[in-house]
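Residues 3 to 355 in the working numbering are what the sequence shown lists, from first letter to last.
Structure first, commentary second.
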Amino acid sequence: MEKMSIISDAESSMDIKDEEINMAEVEKYREARENEQFPDEIDTPIDVAARIRFQRYRSLKSFRTSPWDPLENLPKTYSRIFKFLDYRHSKKVALLNSATETEYSPPRGAFISIYISKVPTNLIDIWPRSKPLIIYGLLAHEQKMSVLNMVLKRHPSCTVPISNKQKLIFHVGYRHFEAEPIFSQHTNGDKFKMERFMPNDGAFVASVFAPIIFAPVPVLVYRLDRRGNQQLIATGGVLNVNPDRIILKRIILSGHPFKINRRSVVVRYMFFNREDIEWFKPVELRTPRGRRGHIKEALGTHGHMKCVFDQQLNAMDTVMMSLYKRVFPKWTYKPIMLHSLCVSPKESEMMEI
Numbered sequence: 003m004e005k006m007s008i009i010s011d012a013e014s015s016m017d018i019k020d021e022e023i024n025m026a027e028v029e030k031y032r033e034a035r036e037n038e039q040f041p042d043e044i045d046t047p048i049d050v051a052a053r054i055r056f057q058r059y060r061s062l063k064s065f066r067t068s069p070w071d072p073l074e075n076l077p078k079t080y081s082r083i084f085k086f087l088d089y090r091h092s093k094k095v096a097l098l099n100s101a102t103e104t105e106y107s108p109p110r111g112a113f114i115s116i117y118i119s120k121v122p123t124n125l126i127d128i129w130p131r132s133k134p135l136i137i138y139g140l141l142a143h144e145q146k147m148s149v150l151n152m153v154l155k156r157h158p159s160c161t162v163p164i165s166n167k168q169k170l171i172f173h174v175g176y177r178h179f180e181a182e183p184i185f186s187q188h189t190n191g192d193k194f195k196m197e198r199f200m201p202n203d204g205a206f207v208a209s210v211f212a213p214i215i216f217a218p219v220p221v222l223v224y225r226l227d228r229r230g231n232q233q234l235i236a237t238g239g240v241l242n243v244n245p246d247r248i249i250l251k252r253i254i255l256s257g258h259p260f261k262i263n264r265r266s267v268v269v270r271y272m273f274f275n276r277e278d279i280e281w282f283k284p285v286e287l288r289t290p291r292g293r294r295g296h297i298k299e300a301l302g303t304h305g306h307m308k309c310v311f312d313q314q315l316n317a318m319d320t321v322m323m324s325l326y327k328r329v330f331p332k333w334t335y336k337p338i339m340l341h342s343l344c345v346s347p348k349e350s351e352m353m354e355i
């Protein structure tokens, strides 16, 4: 005897909604896998001139040693933040002053009364009676905004791809907030390559606009799943507070060797007009096998160009050109506690003890 199952309209709509969300996750998986196989490679646009599309990018002779001015072309948001002349010295002074103030503080376990002025009236009514009210003391400068850099590592339980500038939840010490971080490599040097996705292995750095906090401070990072639950995705600690950290986004334009004559090669499909070839002529070329070369001249008007390399290429090689652009965090900081209690950050700043 056959059984008949009846699906309501509400359940049907939920299934459709889940299917759309799953397709979005599948697309993100594909982008992450493509980024692993061909890191930073993009296709040169055909309908827009490459010299216009990539006018904000520049080449670097050496990523490690080439100079880059940290004060060049800063966004307007950098006028709203604080910068230390010497972060380590400021941290030492703040901790020393805190230790001095502790000598005159009430003893542990004593009952005291704290009076806070300019508190929103609705805070008393909204605050849950079952939850304790915890008050933290701030060190010097910890009420100011800056660029917070955190060293993180992906948690083993996180198997979904986390893209760059994705909204995440940060638990940094006693502070809980939402932000859209920029991921970058955790290496030595004065320049750091941006990561399009959270690395699966090894440490990386997440940079956000957030209030200053002195290290060492533990960091927990969560994401919201489809049901609104928080899932732990990364753990780590605070690295430093440094707006001058140079994070560079790299793009790679690739071309195909069309004709090879010893060290001279005719390359196509990297550019599609003569003007773009002349514009990018000073930029160095390279191949995955370590060959280096340069553009000698444009051939015709359809993007063919004659290039010369230090060694002979083969037909399986790919000619690549690397370009870089500095990227900055977005001002997406939102305190979670204040948001949940319907108290605006502006009202929070007005409260005085």
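Glycine included, C-beta positions come from ideal geometry on N, C-alpha and C.
Treat the numbers as computed from the prediction; the structure is a model and nothing was measured.
Nearest-angstrom Cα separation, counted from residue j out to residue i
i, j, result
"H258", "F194", "29 Å"
"K63", "F260", "26 Å"
"A317", "N275", "23 Å"
"P134", "R35", "46 Å"
"E280", "K308", "12 Å"
"S209", "I126", "35 Å"
"K30", "I118", "47 Å"
"I48", "H304", "11 Å"
"N263", "V269", "12 Å"
"R60", "P284", "11 Å"
"I338", "N37", "32 Å"
"Y138", "R198", "36 Å"
"R228", "R53", "41 Å"
"E43", "R32", "14 Å"
"E277", "V50", "12 Å"
"G175", "V221", "7 Å"
"K93", "I214", "11 Å"
"V28", "T123", "47 Å"
"C160", "P108", "44 Å"
"I128", "P41", "49 Å"
"H306", "S256", "13 Å"
"V95", "R177", "22 Å"
"R294", "V267", "12 Å"
"S132", "I114", "21 Å"
"M16", "P130", "Because the pLDDT of M16 is 45, which lies under 50, any placement of that residue in the model is unreliable, and the question is left without a value."
"Q39", "L98", "50 Å"
Beta-bridge pairing of residue i - partner residues as DSSP gives them
i, result
"I171", "E180 and Y224"
"V243", "L150"
"G238", "L154 and V221"
"F194", "I249"
"Q314", "None, per the DSSP bridge assignment."
"S165", "F199"
"N99", "DSSP, once it has assigned bridges, lists no residue as partnering N99."
"K283", "K283 is not bridged to any residue."
"G295", "L287 and F311"
"K133", "According to DSSP, K133 bridges with nothing at all."
"L255", "I44 and M323"
"V207", "V153 and S186"
"P213", "M147"
"Q233", "R225"
Residue i at chain C interface by Cβ criterion, 8 Å
i, result
"L140", "Reference to chain C is not applicable here, since this structure consists of a single protein chain."
Selected residue, minimal CA-CA separation from residue i, among the options
i, options, result
"P69", "R32, G191 and N151", "G191"
"G238", "G295, F216, A181 and V207", "V207"
"V240", "A101, A112, F216 and Q232", "F216"
"K336", "P284, A236, I137 and H173", "H173"
"G292", "M200, L315 and G305", "L315"
"F311", "E286, I248, L234 and T189", "E286"
"M152", "P122, E43 and P218", "P218"
"T46", "Y271, H296 and V321", "Y271"
"D203", "L154, Q168 and R228", "L154"
"T320", "I171, P290 and I164", "P290"
"N242", "R131, I171, P108 and H91", "H91"
"L250", "V329, P220, I214 and F179", "V329"
"E74", "D278, I248, V267 and I254", "I248"
"Q57", "G175, F282, G295 and D71", "F282"
"D246", "V267, R294 and P331", "P331"
"T189", "R131, S100 and A205", "A205"
"Q187", "W129, P72, V267 and R66", "R66"
"S148", "R82, I114 and S256", "R82"
"L150", "S115, Q39, N244 and E180", "N244"
"F179", "R131, Q232 and P130", "Q232"
"A26", "K167, V162 and A236", "V162"
"R55", "F273, T102 and L76", "F273"
8 Å contact criterion, which residue i and residue j should meet: CB distance rounded
i, j, result
"R252", "Q313", "So it is not a contact: roughly 24 Å between Cβ atoms."
"L234", "H157", "5 Å"
"T79", "E182", "Between E182 and T79 the Cβ distance is about 13 Å, and since that is not below 8 Å, they are no contact."
"F211", "M196", "At roughly 16 Å, the Cβ-Cβ gap does not stay under 8 Å, so F211 and M196 are not in contact."
"I254", "M200", "Actually they are not in contact, since the Cβ atoms of I254 and M200 sit about 20 Å apart, beyond 8 Å."
"V223", "L170", "6 Å"
>> Does the contact criterion of 3 or more C-beta pairs under 8 Å hold for the stretch 289 to 303 versus the stretch 325 to 336?
In response: no
> Do the stretch 142 to 157 and the stretch 81 to 91 meet, that is, are 3 or more Cβ pairs less than 8 Å apart?
Replying inline: yes
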